[in-house]
Structure formats: C-alpha cells, structure tokens
Amino acid sequence: IIGHSERRQYFGETDETVNKKLKAALKHGLLPIVAVGESLEQNEAGETESWVSGQVRAAFDGISAEQARGVVVAYEPIWAIGTGRAATPEQANSIIGGVVRATLADLYGDDVAQAMIIQYGGSIKPSNVRELMEQPEIDGGLVGGASLKAEDFIELVRVTAEVKG
Numbered sequence: 005i006i007g008h009s010e011r012r013q014y015f016g017e018t019d020e021t022v023n024k025k026l027k028a029a030l031k032h033g034l035l036p037i038v039a040v041g042e043s044l045e046q047n048e049a050g051e052t053e054s055w056v057s058g059q060v061r062a063a064f065d066g067i068s069a070e071q072a073r074g075v076v077v078a079y080e081p082i083w084a085i086g087t088g089r090a091a092t093p094e095q096a097n098s099i100i101g102g103v104v105r106a107t108l109a110d111l112y113g114d115d116v117a118q119a120m121i122i123q124y125g126g127s128i129k130p131s132n133v134r135e136l137m138e139q140p141e142i143d144g145g146l147v148g149g150a151s152l153k154a155e156d157f158i159e160l161v162r163v164t165a166e167v168k169g
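Sequential numbering from 5 applies to the sequence shown in the numbering used here.
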C-alpha cells in the first residue's frame, strides 16, 4: 500500500514519494495499491474533489497506460480511518466514480479507467459492507481493523463475494 494517510502523516510521505514508490513497485513486478483521500477539514471545506484528483494525478505522473492497468487505487477518506465513521455508500461511490475514475479516464482514457480496480477503505465493517459493495463504482474494499476479528473479516469476504460475484 503506497500513500496511506498514516504514512503521509507520520512518515512525511508526499505525492512525490508516492509517485517514486509506485514507479519502483511497478519496476519490480509488485501489485501496488495507491491510497488517496482527504482530511476532515478538506472534506468540510468542499476540497475533496480537487484534493483527491490532485493525489491521483501526482501518483500516476510518468506512469504509462499499460502500467496503470496493473495498479489498484483505494479511496480512503482520512476522517474515516480508525474512527468508526464511514462515508455513506453514495458519497464513496460518487468520489470513486466521479473523481478517482474520472481523473484516471482523463489521464488514460475510459477503457483503462474502467479496467482498473478502485476500492473503498475507511471503516468497512459487517454493518455497512453490503451497502458499500452494492455501489456500481466500488470494486472492492481495503479492510483495516475489521480484518483483525476473524468473524468480521469472514463476513466482509462473504458479502463482497455475494454482491460482486
């Protein structure tokens, strides 16, 4: 996982280092997950779209369309990580489709953007996984704390497999 908010916050990871790490991961045949997301302050100030789009553009700078196809993107609003708060399914779907996938389409074309896996992360749990996975733009979930309790994780996998097939 490259660009996770905690790496950015505690270890000074920047858009530039995310880009360098993405290039290195691809060079060495890894399957990278690039995390993007906004803080509560940015969200409340109406800056989500510009912030997230900027993170996507910076991460993929110098990455070819063919390379991009092999990258997973995770939209993880910072304000939802470890807080028990989650974006509504409609909010997450809107940002994933209208911002992340739209930015990727602008960079690489719609075919590449539609082929890429874009996940939602941020307090996914058994009580909200179905509604999140039923959203058409959300391809899967990046699971944090819920993966630490076996019953919860099994339920997340079961529901996701049921909904996404």
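Even glycine gets a Cβ: it sits at the ideal position worked out from N, Cα and C.
Collapsing the DSSP output to three states places G74 in coil. Going by DSSP, Q123 is part of no alpha helix (DSSP H) but of the beta strand (DSSP E) stretching over I121 to G125. Between A78 and G33, the C-beta spacing is not below 8 Å. Cβ neighbours of G101 within its own chain (closer than 7 Å, five residues either side excluded): E141. Taking all protein chains shown into account, R105 has 16 or more neighbouring C-beta atoms within 10 Å of its C-beta and is therefore buried.
Distances from the alpha-carbon of I122 to those of R11, M137 and I85 put M137 closest. Annotation: L111 is outside any beta strand (DSSP E); the continuous alpha helix (DSSP H) that includes it extends over A106 to Y112.
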